[in-house]
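Chemist: My questions all concern the structure below.
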Amino acid sequence: MTDDGRTQPFDVESIRAQFPALDQQVHGKPLVYLDNAATTQKPQVVIDTIREFYERDNANIHRGVHTLSARASERFENARARIARSLNAESEREIVFVRGVTEAINLLAHSLSDDWQAGDEAILSELEHHANIVPWLMLGQRKGIVIRTIPVNDRGELELDALPGLITDKTRLIAVNHVSNALGTVNPVARIAETAQAHGIPVLVDGAQGLPHGPVDVQALGCDFYACSSHKVFGPSGVGALYARGDWLDRLPPFLGGGDMIEEVRFDGVRFAPPPSKFEAGTPNIEGAIGFGAALEWADGLDWLAIERHEAALLQRMTEGLTEIPGLRIVGQAAHKVPVVSFLIDGAHPHDIGTLLDSMGIAVRTGHHCAMPLMQCVEAPAGTARASAAFYNTLDEIDQFVAAVARVRDMLV
Ligand SMILES: *Cc1c(COP(=O)(O)O)cnc(C)c1O
């Protein structure tokens, strides 16, 4: 902020310079990377942190008396503390390291449902990623759990008015996306949590696409659980975090069994370690967790007010540019969106759009975006083409992308 309270303009070039992968050519053209909802590129500081860890501190954690093990353990636990701070959790004991959002939700589907009975209900939404659908469907098949869904309207927004009517005295959980990876919709999770709380129902938020677009405050959201994946937020793959409020982790039974999650093992009984260890069986992704911590520490140092304006400008430029292209339909026009734009072109298959864009150096994703039920709701059964920007994308890249889509349309239609 400047002295008069206005934010500085966002210096996108100095941010880009920290991401080596952005500076390359693809098919002889400068790379325009617009597949950030699938995974993000990594800043040099994250790459260096992981390399340094292997060059200096590599050892298994928590069990060693030797120096390297102590260093590795300390760095691992520091990463947990960083994640707790970044999410504004009350304590780092509320943070479990997992492989990512997928594992976090599988953990909860297993552990939360311990005392659920056949006929109990979970409320999801039509806007969910398969990671927040399939574990509940599997549970449904195993235990006879009934799945209800908050409907989505033709702008790609949740119809929140329907929520009270979905809640019954058998509702055990509401599990919703923070931000839709497929359409970019930002969902009113705080309002959902408020409604849920009034009925004493816990809320799980799939935060995979929440963290990359702004600071998250789990206490302000009022959710019981928040799941995130490092690779979606400029960190390494194969690691993520599950936030569980207060004493939830004390009350839930463990998910995976093995080393590190025990206090005492005998053939006539096992006592589990206190949380979060109770949920971290086996050797974790140590360097991944440390890299995740480095990514969040880096992101926490950015000017998020300026980023918010920059991302709004990216979204506006993308939306306006694509709208001018004849026969193009943007799927998902929610009032509150991140710079993710799904689209269809009359007479062109999304896969062909993606392939031609790649030949021009532009990376987008095509298909169902792990959200097949949503694709049915928005009448895009073959999926869409999706451009998803991060704050390191420039307005110039958006212009190149829009011009390329116009050319692709002329080639295909
Ligand atoms: C990517 C994503 C997931 C799954 O995350 P993983 O890292 O693959 O486990 C879940 N939900 C949303 C909204 C996502 O974008």
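1309 is the number of the first residue of the sequence shown in this note's numbering; add one for each residue after it. Heads up, the beta-carbon is just placed ideally off N, CA and C, and yes, glycines get one too.
Could you tell me how far apart the beta carbons of Leu-1342 and Ile-1615 are, in whole angstroms, since I believe they sit closer than 8 Å?
Modeler: That belief does not hold up - the Cβ atoms of Leu-1342 and Ile-1615 are roughly 17 Å apart, past 8 Å.
Chemist: Mind pulling the beta strand (DSSP E) runs of 3 or more residues that sit fully within the stretch 1614-1638?
Modeler: The stretch 1614-1638 contains no whole beta strand (DSSP E) run of 3 or more residues.
Chemist: In three-state DSSP terms, what is Leu-1652?
Modeler: Residue state, collapsed to three classes: strand.
Chemist: So is the beta-carbon of Asp-1514 under 7 Å away from any non-hydrogen atom of ligand 2?
Modeler: In terms of ligand content, the structure shown lacks ligand 2 and carries ligand 1 instead.
Chemist: My guess is that Gln-1517 and Ala-1380 are in contact by the Cβ rule of under 8 Å, so how many angstroms apart are they, rounded?
Modeler: Going by Cβ atoms, the distance from Gln-1517 to Ala-1380 rounds to 31 Å, so no, they are not a contact pair.
Chemist: Label Leu-1376 either buried or exposed according to how many other C-beta atoms from any shown protein chain fall within 10 Å of its C-beta, with 16 as the threshold for buried.
Modeler: Leu-1376 comes out exposed.
Chemist: Just verifying my parser: in three-state terms, what is the DSSP assignment at Arg-1579?
Modeler: Looking at Arg-1579 - three-state DSSP - the assignment turns out to be strand.
Chemist: So Leu-1481 and Leu-1420 are in contact, right, with Cβ under 8 Å, and what is the actual spacing, rounded?
Modeler: Their Cβ separation, rounded to whole angstroms, is 6 Å, which keeps Leu-1481 and Leu-1420 in contact under 8 Å.
Chemist: Any idea if Ala-1483 is buried or exposed, counting beta-carbon neighbours within 10 angstroms, 16 or more meaning buried?
Modeler: Buried is the call here.
Chemist: Check whether the Cβ of His-1283 lies closer than 7 Å to any heavy atom of ligand 1, and answer yes or no.
Modeler: The requested residue 1283 does not occur in the structure, where the chain is confined to residues 1309 to 1721.
Chemist: Would the stretch 1556-1563 count as touching the stretch 1425-1436 if we require 3 or more Cβ pairs under 8 Å?
Modeler: No: the two stretches stay apart, fewer than three of their Cβ pairs being nearer than 8 Å.
Chemist: Would you say Thr-1347 and Lys-1540 are within 8 Å of each other, going by their C-beta atoms?
Modeler: In contact: Thr-1347 and Lys-1540 (Cβ atoms closer than 8 Å).
Chemist: On the premise that His-1677 lies in contact with Gly-1662, defined as a C-beta separation below 8 Å, what is that separation, rounded to the nearest angstrom?
Modeler: Not really, about 12 Å apart at Cβ, beyond 8 Å.
Chemist: Where Ile-1369 and Ala-1389 are concerned, what is the direct C-alpha to C-alpha distance, given to the nearest angstrom?
Modeler: One C-alpha to the other measures close to 16 Å.
Chemist: Can you tell which of Met-1446, Glu-1632 and Ile-1598 has the C-alpha that lies nearest to the C-alpha of Arg-1359?
Modeler: Residue Ile-1598 is the option with its Cα nearest to Arg-1359.
Chemist: Could you tell me if the beta carbon of Gly-1408 falls within a distance shorter than 7 Å of some heavy atom in ligand 1?
Modeler: Yes, since a heavy atom of ligand 1 falls inside the 7 Å radius drawn around the Cβ of Gly-1408.
Chemist: Using beta-carbon positions only, say whether Gly-1640 and Gly-1464 come within less than 8 Å of one another.
Modeler: Yes, these two residues count as a Cβ contact at 8 Å.
Chemist: So Val-1672 and Ala-1693 are supposed to be a Cβ contact under 8 Å. How far apart are they, rounded?
Modeler: Confirmed, about 6 Å.
Chemist: Please list, in chain order, all residues of the same chain as Phe-1327 whose beta carbon is under 8 Å from its beta carbon, the five residues on each side excluded.
Modeler: Only Gln-1349, Lys-1350, Pro-1351, Gln-1352 and Tyr-1700 meet the Cβ criterion.
Chemist: Could you give the residue range of the beta strand (DSSP E) that holds Leu-1512?
Modeler: Element bounds for Leu-1512: 1511-1514.
Chemist: Rank Ser-1399, Ser-1585, Glu-1628 and Ala-1697 by C-alpha distance to the C-alpha of Ala-1571 and give the top, closest one.
Modeler: A small fix is needed here, since residue 1571 is Glu in this sequence, not Ala. Ranking Ser-1399, Ser-1585, Glu-1628 and Ala-1697 by Cα distance to Glu-1571 puts Ser-1585 first.
Chemist: Does the Cβ of Arg-1723 have 16 or more other Cβ atoms within 10 Å, making it buried, or fewer, making it exposed?
Modeler: Beyond the ends of the chain as shown, which are 1309 and 1721, falls residue 1723; an answer cannot be given.
Chemist: Skipping 5 residues on each side, what residues in its chain have a beta carbon closer than 6 Å to that of Gln-1708?
Modeler: Cβ neighbours of Gln-1708 beyond the five flanking positions: Val-1340.
Chemist: Can you name the start and end residues of the beta strand (DSSP E) that Ala-1698 belongs to?
Modeler: Note, Ala-1698: premise wrong, no beta strand (DSSP E); not H, not E.
Chemist: I need the straight-line Cα distance from Asp-1638 to Ile-1323, nearest angstrom please.
Modeler: One point to set straight first is that residue 1638 is Ile, not Asp, in the sequence displayed. Whole-angstrom Cα-Cα distance: 29 Å.
Chemist: Is it the case that the CB of Gln-1517 approaches a heavy atom of ligand 1 more closely than 7 Å?
Modeler: True, at least one ligand heavy atom lies under 7 Å from that Cβ.
Chemist: Look at the Cβ atom of Trp-1424, then the Cβ atom of Ile-1391, and state whether they are nearer than 8 Å.
Modeler: Their beta carbons are not under 8 Å apart, which means Trp-1424 does not touch Ile-1391 by this criterion.
Chemist: So, at 6 Å on beta carbons, what are the nonlocal neighbours of Ala-1714 in its own chain, with the 5 sequence-adjacent residues on each side left out?
Modeler: Answer for Ala-1714: Ile-1633, listed in chain order.
Chemist: Taking the alpha helix (DSSP H) that Leu-1720 belongs to, which residues open and close that run?
Modeler: Unbroken alpha helix (DSSP H) run through Leu-1720: 1703-1720.
Chemist: Check whether the Cβ of Ala-1345 lies closer than 7 Å to any heavy atom of ligand 1, and answer yes or no.
Modeler: Flag set: Cβ of Ala-1345 near ligand 1.
Chemist: What residues match up with Leu-1302 in a beta bridge as DSSP calls it?
Modeler: The structure shown does not extend to residue 1302, since the chain is modelled only from 1309 to 1721, so the question has no answer here.
Chemist: Under 7 Å from any heavy atom of ligand 1, does the C-beta of Lys-1540 make it?
Modeler: Lys-1540: yes, Cβ under 7 Å from ligand 1.
Chemist: Name the residue from Val-1409, Asp-1704 and Val-1648 whose alpha carbon lies nearest to the alpha carbon of Thr-1493.
Modeler: Out of Val-1409, Asp-1704 and Val-1648, Val-1648 has the C-alpha closest to the C-alpha of Thr-1493.
Chemist: What are the uninterrupted segments assigned as alpha helix (DSSP H) that are 4 or more residues long and contained completely in the stretch 1351-1435, given in chain order?
Modeler: Segments of the alpha helix (DSSP H) lying fully in the stretch 1351-1435: 1352-1360, 1375-1395 and 1409-1419.
Chemist: Can you round the beta-carbon distance between Ala-1439 and Thr-1410 to whole angstroms, since I take them to be within the 8 Å contact cut?
Modeler: The pair is a contact, with the Cβ atoms about 4 Å apart (cut-off 8 Å).
Chemist: Can you tell me the Cα-Cα spacing of Val-1721 and Asp-1660, whole angstroms?
Modeler: Each residue's alpha carbon lies about 11 Å from the other.
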